[in-house]
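Numbering (my numbering), first residue to last: 20 to 111.
Heads up, the thing below is written out as C-alpha coordinates.
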(Lines of atoms letter the chains of each structure in order from A and count residues from 1; the text may use other names and numbers.)
(Lines give C-alpha, C1' and ligand atoms only; values in the text may rest on other atoms or scores of the structure.)
Protein backbone atom coordinates (compact mmCIF):
# COMPACT_ATOMS: atom_id res chain seq x y z
CA UNK A 1 0.00 0.00 0.00
CA UNK A 2 2.84 2.37 0.85
CA UNK A 3 4.50 1.58 -2.51
CA UNK A 4 1.25 2.37 -4.38
CA UNK A 5 0.96 5.71 -2.56
CA UNK A 6 4.51 6.66 -3.60
CA UNK A 7 3.90 5.71 -7.25
CA UNK A 8 0.64 7.69 -7.38
CA UNK A 9 2.30 10.69 -5.71
CA UNK A 10 5.14 10.69 -8.24
CA UNK A 11 2.70 10.43 -11.16
CA UNK A 12 0.60 13.29 -9.82
CA UNK A 13 3.71 15.40 -9.29
CA UNK A 14 4.75 14.86 -12.92
CA UNK A 15 1.31 15.52 -14.39
CA UNK A 16 1.52 19.35 -14.48
CA UNK A 17 4.90 19.15 -16.23
CA UNK A 18 3.49 17.27 -19.21
CA UNK A 19 1.31 20.19 -20.32
CA UNK A 20 3.73 23.07 -19.75
CA UNK A 21 5.10 22.90 -23.29
CA UNK A 22 1.67 23.52 -24.79
CA UNK A 23 0.56 27.12 -24.68
CA UNK A 24 -3.17 27.75 -24.40
CA UNK A 25 -4.33 30.89 -26.15
CA UNK A 26 -7.55 32.53 -25.11
CA UNK A 27 -9.97 33.37 -27.89
CA UNK A 28 -12.25 36.12 -26.57
CA UNK A 29 -15.23 38.12 -27.82
CA UNK A 30 -15.82 36.23 -31.10
CA UNK A 31 -18.19 37.38 -33.83
CA UNK A 32 -19.11 35.34 -36.89
CA UNK A 33 -20.00 36.44 -40.42
CA UNK A 34 -21.14 34.23 -43.28
CA UNK A 35 -17.62 32.91 -43.87
CA UNK A 36 -15.26 34.44 -41.28
CA UNK A 37 -14.62 34.69 -37.56
CA UNK A 38 -13.21 37.78 -35.82
CA UNK A 39 -11.96 37.54 -32.24
CA UNK A 40 -9.66 39.06 -29.64
CA UNK A 41 -6.51 37.24 -28.57
CA UNK A 42 -3.95 38.85 -26.24
CA UNK A 43 -5.58 42.27 -26.78
CA UNK A 44 -5.34 42.21 -30.58
CA UNK A 45 -7.98 41.59 -33.25
CA UNK A 46 -7.63 38.45 -35.34
CA UNK A 47 -9.64 37.13 -38.27
CA UNK A 48 -9.88 33.57 -39.57
CA UNK A 49 -12.12 31.31 -41.58
CA UNK A 50 -15.22 30.15 -39.69
CA UNK A 51 -13.56 26.83 -38.92
CA UNK A 52 -10.56 28.61 -37.32
CA UNK A 53 -8.12 28.01 -40.16
CA UNK A 54 -5.93 30.73 -41.69
CA UNK A 55 -5.78 33.06 -38.63
CA UNK A 56 -4.42 36.53 -39.38
CA UNK A 57 -3.72 39.38 -36.94
CA UNK A 58 -5.51 42.62 -37.83
CA UNK A 59 -4.17 44.92 -35.09
CA UNK A 60 -1.07 45.09 -32.91
CA UNK A 61 -1.39 48.26 -30.82
CA UNK A 62 -0.35 48.09 -27.14
CA UNK A 63 -3.61 49.80 -26.14
CA UNK A 64 -5.64 46.70 -26.94
CA UNK A 65 -8.81 46.32 -28.92
CA UNK A 66 -12.08 44.70 -27.87
CA UNK A 67 -15.71 43.97 -28.80
CA UNK A 68 -15.24 43.32 -32.54
CA UNK A 69 -18.41 43.01 -34.62
CA UNK A 70 -18.96 42.39 -38.31
CA UNK A 71 -21.15 44.77 -40.29
CA UNK A 72 -24.42 43.17 -41.47
CA UNK A 73 -22.94 42.40 -44.90
CA UNK A 74 -19.65 41.15 -43.39
CA UNK A 75 -17.49 43.62 -45.32
CA UNK A 76 -16.29 45.68 -42.31
CA UNK A 77 -15.43 45.12 -38.67
CA UNK A 78 -16.24 47.65 -35.97
CA UNK A 79 -14.37 47.46 -32.66
CA UNK A 80 -13.59 49.50 -29.57
CA UNK A 81 -10.14 50.66 -28.53
CA UNK A 82 -8.60 53.15 -26.14
CA UNK A 83 -5.83 54.70 -28.23
CA UNK A 84 -5.98 58.23 -26.82
CA UNK A 85 -7.37 57.98 -23.30
CA UNK A 86 -11.01 57.15 -24.02
CA UNK A 87 -12.83 54.25 -25.63
CA UNK A 88 -13.84 54.99 -29.21
CA UNK A 89 -15.35 52.92 -32.01
CA UNK A 90 -13.18 52.17 -35.04
CA UNK A 91 -13.95 50.43 -38.33
CA UNK A 92 -11.63 48.38 -40.53
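Even glycine gets a Cβ: it sits at the ideal position worked out from N, Cα and C.
Given residue i as reference, the closest of the options once Cα atoms are compared
i, options, result
"residue 69", "86, 45, 55, 105", "55"
"residue 79", "47, 62, 110, 52", "62"
"residue 108", "88, 81, 48", "88"
"residue 97", "45, 46, 50", "50"
"residue 105", "93, 111, 72, 83", "83"
"residue 95", "73, 71, 66", "66"
Residue i to residue j span [Cα, whole Å]
i, j, result
"residue 100", "residue 52", "21 Å"
"residue 57", "residue 103", "23 Å"
"residue 73", "residue 48", "18 Å"
CB-CB length for residue i against residue j, believed under 8 Å
i, j, result
"residue 85", "residue 110", "Going by Cβ atoms, the distance from residue 85 to residue 110 rounds to 15 Å, so no, they are not a contact pair."
Cβ neighbours of residue i in the same chain (closer than 7 Å, five flanking residues each side left out)
i, result
"residue 45", "60"
8 Å Cβ shell around residue i - same chain, five flanking residues per side excluded
i, result
"residue 75", "65, 66, 67"
"residue 91", "none"
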